[in-house]
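In this note's numbering, the protein residues as written are 7 to 724.
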């Protein structure tokens, strides 16, 4: 607003003319003459709401009082320049003029502010303001400028500076825009008509306060009759009932926004909206076939897959999931069903082995059902379907089968070669019923005791058997189908060797019995027992008696315990009858031997022949080794016995004399010499040594007295 003050020089006026293309905005100058401004069309206007420059007027007040109104400067309002003007000449915005301007060029008009000198230029002489560039309201809607009149020579202001605004007048030069397109939306299939899908919004850069340039109306250009859009809000809704996702899942909808209220001449913009129908469980599962045919070979093992089938369900995710189960059929016990987690197929598997010769076909009934049902569509059910599976059993070339799981036979020991043991039998279970060939695997009968007839399976012996060497023979027999795939089957054959009484009894021990001549008649000097390698039958016993060659000897007898056995055996027992002189002579001899040979020169040199092992030859009865009287020449007796011992390599003693020699010095066992027995207690009576003469006097002095008789234990201790 620019207010002009009255100076002492007279009235000062400034005129501002704004010229536009499509409209005129003028400034009314209040003068004493009532000046007006002209628009570019030549029409004369007065803006009722614009202030003007006034002079003093006198009005008659109350009671004839004269009222004085002071003169005010004129007021500038907003002025307009239409945007996007593309004419050949610059646009005249308006004119500055001062009352002090006499037209001789002393006044200089100055324009400053936004766009001054670039967008808006002024003729400093005439005061005409022009717009030199095309203006865009959407870039800048208004400009604030300052007008000033100065003395051209002195540059002193003639009028105070004042601001005014130039507004760029809007034209409909911007179409509506969808800033966030394209859009994506989802809506459940089978939705009711009018279900809201989404809202789209367009913007218009034109001035919404001026005319209809920014008044938008929405319409649908593509997507009918499935969807509609509300003209004022841009809300998209379903327009068709029962839209089925399984028939069509995606829709491309084109929405238009048009300004000028949708009238002709308005500008428009469009956007795409991709609408997807989401799934609901509105479809039951359905098997493509009502009957499925499958087959399985009889040589398949439990767990192997027989076949697959799948019910179709056009729904998605959980809505399209199908569970399977067997509900009927004569194959319920022979087959089982599972579901492949990846392919969602029903998998039929063998549960038990099938036999072509027993049953050649089976039937199953399978059900497929949805585990997740939408209550809103439950009346559209049932959500399940059934199918029949027919499974045929295929014949396979199977190995022969033995009629028994194992065989047990018996054969007597010592039976001649070729004796029949027993017969095994196998048969071809296939329809062809081919003949079977038999054999005994070598690794089950390494010593080849048996043979088998390859045609009829009869097992015979190849040599006599000995029960006492091997009572049982565990072998195998194999059967192979002739003309087949050379598959064989094996069976266990257990052969028991029956006992035959072919072994004589044997004495359990073969001991020497020693007794003194003074033993009382009837005293038991030995108890003997027998064993037999053959089997003893119930209540079967041994019988004991003296051998025929000594049966006439009345000095001994055998008491039988009344047992019985079919065979007899003989055993010779050496009975030594001791009498005091002989017994003690022997003892003295042994004692002396230990003493003499304990520091044997050979032993001292580290060499000793092994005489501590009993020779293989049986110890013979010494000729003339019977009873001798007390008048025996002991010296001669000893010498003869020493000579015998030296010349007989198989003669005893097998005593500790050599062991002692091997022990050597430093042995932990200590000395085994009987010479040390002089310091021990003795239970023998050696008084008779006094009668042997001076040669044995020293020996007789070392011993006391004792009874003659000694049992075996005493002799062993001695």
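Beta carbons: idealized from backbone N, C-alpha and C, even for Gly.
DSSP three-state call for residue 458: helix, strand or coil? In this structure, DSSP gives residue 458 an extended state, which the three-state scheme calls strand.
Counting Cβ pairs, one atom from each stretch, are 3 or more of them under 8 Å apart for the stretch 202-212 and the stretch 247-255? no
Is the stretch 477-485 touching the stretch 448-468 in the sense that three or more CB pairs, one from each, lie closer than 8 Å? yes
Shortest alpha-carbon distance to residue 149 belongs to which of 164, 133 and 124? Ranked by Cα distance from residue 149, the options 164, 133 and 124 are led by 124.
Best match in 110, 112 and 133 for proximity to residue 101 [C-alpha to C-alpha]: 133
Hey, which unbroken runs of the alpha helix (DSSP H) at 4 residues or more fall wholly within the stretch 304-357? none
Of the choices 96, 97, 114 and 94, whose alpha-carbon is the least far from that of residue 103? 114
If you run the structure through DSSP and keep just helix, strand and coil, what is residue 499? strand
Can residue 756 and residue 279 be called in contact, C-beta distance under 8 Å? Residue 756 is absent from the structure shown; the chain starts at 7 and stops at 724.
Is the separation between the beta-carbon of residue 270 and that of residue 221 shorter than 8 Å? no
Could you check where the alpha helix (DSSP H) with residue 706 kicks off and where it finishes? 703-706
Looking at the secondary structure, which residues open and close the beta strand (DSSP E) in which residue 254 lies? From DSSP, residue 254 is part of no beta strand (DSSP E); its letter is neither H nor E.
So within the stretch 392-462, which uninterrupted alpha helix (DSSP H) runs reach at least 4 residues, ignoring any that extend past its ends? Here no run is fully enclosed.
Could you tell me the boundaries of the beta strand (DSSP E) in which residue 520 lies? 519-522
Classification of residue 295 by the beta-carbon crowding that lies within 10 angstroms, buried from 16 upward: exposed
Measure the Cβ-Cβ separation of residue 183 and residue 119 and say whether it is below 8 Å. Residue 183 places its beta carbon 8 Å or farther from that of residue 119.
Check each candidate in 159, 186 and 219 and name the one with the smallest Cα separation from residue 204. 186
Exposed unless 16 or more other CB atoms sit within 10 angstroms - verdict on residue 325: buried
Nonlocal neighbours in the same chain, by C-beta distance under 7 Å from residue 360, ignoring five residues either side: 302, 304, 340 and 399
Return the first residue and the last residue of the beta strand (DSSP E) that residue 464 is part of. 464-467
How about residue 350 and residue 316: do their beta carbons lie closer than 8 Å? yes
For residue 158, which residues in the same chain have their Cβ closer than 6 Å to its Cβ, ignoring the five residues on either side in sequence? 112 and 114
Do you know offhand how far residue 162's Cα is from residue 168's? 15 Å
State the beta-bridge partners of residue 101 as determined by DSSP. Residue 101 is bridged by DSSP to 134.
Classification of residue 108 by the beta-carbon crowding that lies within 10 angstroms, buried from 16 upward: Under this definition residue 108 is an exposed residue.
At what residues does the beta strand (DSSP E) containing residue 225 begin and finish? 223-228
How about residue 175 and residue 225: do their beta carbons lie closer than 8 Å? In this structure, residue 225 does not lie closer than 8 Å to residue 175 by Cβ.
Based on the DSSP output, what are the partners of residue 300 in its beta bridges? 397
Just list the residues that DSSP pairs residue 150 with in beta bridges. 171
Is it buried or exposed for residue 434, if we count other Cβ within 10 angstroms and need 16 for buried? buried
If you drop the 5 nearest sequence neighbours on each side, which residues of the same chain put their C-beta closer than 8 Å to that of residue 188? 277, 278, 279 and 280
Specify the secondary structure class of residue 184 as computed by DSSP and reduced to three states. coil
Assign residue 552 to buried or exposed, taking buried as 16 or more other Cβ atoms, counted over all protein chains shown, within 10 Å of its Cβ. exposed
In this structure, does DSSP put residue 4 in helix, strand or coil? Not covered by the structure: residue 4. The range shown for the chain is 7 to 724.
Does the beta-carbon distance from residue 357 to residue 416 come in below 8 Å? Their beta carbons are not under 8 Å apart, which means residue 357 does not touch residue 416 by this criterion.
According to DSSP, simplified to helix, strand and coil, what is residue 288? The answer is coil: DSSP assigns residue 288 none of H, G, I, E or B.
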